[in-house]
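J.: Numbering of the sequence shown is given in the working numbering, commencing with residue 1 and proceeding in unit increments. The beta carbon of each residue, even a glycine, is placed where N, CA and C say it ideally should be.
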Amino acid sequence: MSKKLSNKQHGKIFDDILKQMTQTKGVRHVIMAAETMDGSFAWAKAEGIAHPDGTPMDVETPFWIASITKLYIACCILKFHEDGLLSIDDLITKHLPLDLIKGIHTMGCTDNTGKLTIRHLLTHSSGIPDYLEIKADGEKTIIDQVVEVRDMSWSVKEIIKIVREENSPLFPPQSLDKDKYKIRYSDTNFQLLTAIIEATAGKPAEEAYRDIIFKPLNLNSTYLPGSVPLKPTKKASTVWIGDVAFEDKPKALRSFGDLNSTVKDQVSFMRALLEGKLFENKETLDFMKKNWQTFGFGLSPISPGWPIQYSMGMMRFKTPRFLSPFQDVPEIIGHTGAVGSWLFYCPLYDLILSGSVSQATAAAAPFKYVPKLLAALGKSQ
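In structure tokens, the structure reads:
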């Protein structure tokens, strides 16, 4: 049974956490919302500037959600699975041209591309490295090139070329019939899934998102950078990488394939997902919430690691007890993004949490402050 929250009793806790987040190094703004599934508790606030010109941030301003988009991608793939347009156990060679993807996973003299399934991509168990971490030909990563040199765009074909030429698979495609198997977060997996969405739908991924998710759920302010939302909305807030305002990089922002959205739309999306409004069958949603695997330890600033767990397009996080010995912090499920964005659901409070600090150097902020918020709620009960 979930614990009840009230604006009068608990609103100040959210206010305090918001204030603390604004003091994080490099953070120009914080936007945050929380709402129970039944709507009996709702809170939303924003502080700071949305843009370098000093425009105030407010709760109606869209922000770049970064890898929270993986929830949307997974939903589209699973909807196609449910409708019989594909199977998550299909080989990816069934949906993508072999001349496009061959050699993307070569170990020694063995090309494992023909062993990769859609399920491998959804669960990050493919062993394909993250193209965003690769320094092609000893040069800078794509992100470094965009920040330090120039705005640029890239296609899935160019992503695959980077990965193929690097030729450094992390591990063999995993046997997914085991209870435990290796996983490693890789944006390449979801770029391939986006290509599969386009091949299956016969249209750009953003149009598939509109038809399957945005329009049915009235997500009027959720859209791909460079596109037009369903209804007019404010200019999306600036993303920061340290002291660099990432606002004059439209080609790169679009090439990442990640969405802009508002906290209102994010809460609506998570509620609809958990209420089963995106799928006909409960079993389809269950794919996203079972067979959890734990990421290993890693030093990458953009790759989630231990103790975060992953299923299909969804994270699960619970603060280890030895890190919080005097206060048990409840688990949360959902996803985060590399600019300190988050969309979570906490079963204990039946609570949806959404927000962002829009700062790449504060990517870990959700894993610091959301558990801190939940711990404070626990103490107040």
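Using the Cα positions of E283 and P366, report the straight-line distance between them to the nearest angstrom.
T.: To locate residue 283, count along the sequence shown from 1; it is residue 283. To locate residue 366, count along the sequence shown from 1; it is residue 366. So the alpha carbons of these two residues sit roughly 29 Å apart.
J.: Do S311 and K289 have their beta-carbon atoms positioned less than 8 Å apart in this structure?
T.: Counting from one through the sequence shown, the residue named residue 289 turns up at place 289. Counting from one through the sequence shown, the residue named residue 311 turns up at place 311. Against a cut-off of 8 Å, the Cβ pair of S311 and K289 comes out as a contact.
J.: Suppose the cutoff is 8 Å on Cβ atoms and the five residues either side in sequence are ignored; what does the same chain contact list for L85 look like?
T.: Stepping through the sequence shown from its first residue, residue 85 is reached at position 85. T200, listed in sequence order.
J.: Am I right that S303 and F63 are in contact with their C-beta atoms under 8 Å? What's the rounded C-beta distance?
T.: Counted from its first residue, the sequence shown places residue 303 at position 303. Counted from its first residue, the sequence shown places residue 63 at position 63. In fact, because the Cβ distance is near 22 Å, the residues do not count as touching under 8 Å.
J.: Which one of E247, R164 and T93 has the shortest CA to CA distance from D53?
T.: Within the sequence shown, numbered from 1, the residue matching residue 53 stands at position 53. Measuring from the Cα of D53, the nearest candidate turns out to be E247.
J.: Could you check which residue in W43, L176 and S40 has the C-alpha nearest to that of W292?
T.: Position 292 of the sequence shown, counted from the start, is the residue given in the question as residue 292. Per the Cα distances, L176.
J.: Determine the extent of the beta strand (DSSP E) in which E47 is found, giving its start and end residues.
T.: Counting from 1 along the sequence shown, the entry for residue 47 is found at position 47. Segment A42 to G48, the beta strand (DSSP E) holding E47.
J.: Could you tell me the distance, in whole angstroms, from the CA atom of M32 to the CA atom of G26?
T.: As a position in the sequence shown, residue 32 is number 32, starting the count at 1. As a position in the sequence shown, residue 26 is number 26, starting the count at 1. Taking the straight line from one Cα to the other gives about 17 Å.
J.: With a CB to CB cut of under 8 Å and the five nearest residues on each side skipped, what residues in its chain are close to I17?
T.: Numbered from its first residue, the sequence shown carries residue 17 at position 17. If we look at I17 and ignore the five residues flanking it on each side, its Cβ neighbours are M32, Y369, K372, L373 and A376.
J.: Round the Cβ separation of L219 and F269 to the nearest angstrom and send it over; I've been treating them as touching at under 8 Å.
T.: Counted from its first residue, the sequence shown places residue 219 at position 219. Counted from its first residue, the sequence shown places residue 269 at position 269. Yes, they are in contact, since the Cβ atoms of L219 and F269 sit about 6 Å apart, within 8 Å.
J.: Can you have a look at D265 and say buried or exposed, based on whether 16 or more other CB atoms are within 10 angstroms of its CB?
T.: Taking the first residue of the sequence shown as 1, we reach residue 265 at position 265. With 16 or more Cβ atoms within 10 Å of its Cβ, D265 is classed as buried.
J.: Can you pull the DSSP bridge partners for V30?
T.: Position 30 of the sequence shown, counted from the first residue, corresponds to residue 30. In the DSSP output, where bridge partners are listed per residue, V30 has E47.
J.: Can you give the Cα-Cα distance for S221 and R28, rounded to whole angstroms?
T.: For the purposes of this step, residue 221 is taken as residue 221 along the sequence shown, with counting starting at 1. For the purposes of this step, residue 28 is taken as residue 28 along the sequence shown, with counting starting at 1. Going by the C-alpha atoms only, they are around 22 Å apart.
J.: For A35, write down the residues that DSSP places opposite it in a beta bridge.
T.: Sequence index remark: in the sequence shown, residue 35 carries index 35 (1-based). Checking the displayed sequence, the identity of residue 35 turns out to be Glu instead of Ala. Its beta-bridge partners are A42 and I352.
J.: Alpha carbon to alpha carbon, what distance is there between P204 and I308?
T.: For the purposes of this step, residue 308 is taken as the residue at position 308 of the sequence shown. For the purposes of this step, residue 204 is taken as the residue at position 204 of the sequence shown. One C-alpha to the other measures close to 31 Å.
J.: Taking only three categories from DSSP, how would you classify P56?
T.: Position 56 of the sequence shown, counted from the start, is the residue given in the question as residue 56. In the structure shown, P56 sits in a strand (DSSP, three-state: E or B).
J.: Under three-state DSSP, which class holds C109?
T.: On the sequence shown, residue 109 is found 109 positions in, with the first residue counted as 1. It is coil, neither helix nor strand.
J.: Just to confirm the assignment, what range does the alpha helix (DSSP H) spanning T336 have?
T.: Taking the sequence shown and counting its residues from 1, one reaches residue 336 at position 336. Segment I332 to G337 is the beta strand (DSSP E) holding T336; no alpha helix (DSSP H) there.
J.: Below 8 Å on the Cβ atoms is my contact criterion, and I expect T93 with G103 to pass it. Report the Cβ-Cβ distance as a whole number of Å.
T.: In the sequence shown, counting from the first residue as 1, residue 93 sits at position 93. In the sequence shown, counting from the first residue as 1, residue 103 sits at position 103. That belief does not hold up - the Cβ atoms of T93 and G103 are roughly 12 Å apart, past 8 Å.
J.: Near S354, which residues of its chain fall below 6 Å by C-beta distance, leaving aside the five closest residues on each side in sequence?
T.: Here residue 354 refers to the residue found at position 354 when the sequence shown is read from its first residue. A33, V263, Q266, V267 and L343.
J.: Could you tell me which residues DSSP puts in a beta bridge with T294?
T.: Within the sequence shown, the letter at position 294 stands for residue 294. BP columns for T294 point to Q309.
J.: Going by beta-carbon coordinates alone, are A66 and D258 separated by less than 8 Å?
T.: By one-based count along the sequence shown, residue 66 stands at place 66. By one-based count along the sequence shown, residue 258 stands at place 258. Yes, they are a contact pair.
J.: Suppose contacts are defined by Cβ-Cβ distances below 8 Å. Is H105 in contact with P169 by that definition?
T.: Counted from its first residue, the sequence shown places residue 105 at position 105. Counted from its first residue, the sequence shown places residue 169 at position 169. Yes, the Cβ-Cβ distance between H105 and P169 is below 8 Å.
J.: Does the segment 177-196 touch the segment 39-48, meaning 3 or more C-beta pairs lie closer than 8 Å?
T.: No, because fewer than three Cβ pairs between the segment 39-48 and the segment 177-196 fall closer than 8 Å, the two stretches do not touch.
J.: Please return the same chain residues whose Cβ sits closer than 8 Å to the Cβ of D151, not counting the five positions on each side in sequence.
T.: Taking the sequence shown and counting its residues from 1, one reaches residue 151 at position 151. D248, K249, P250, K251 and A252.
J.: Count the other CB atoms within 10 Å of the CB of T61; is the residue buried (16 or more) or exposed (fewer)?
T.: As a working mapping, residue 61 is identified with position 61 in the sequence shown. Label assigned to T61: buried.
J.: Going by DSSP, what residues sit across from Y223 in a beta bridge?
T.: Taking the first residue of the sequence shown as 1, we reach residue 223 at position 223. According to DSSP, Y223 bridges with N260.
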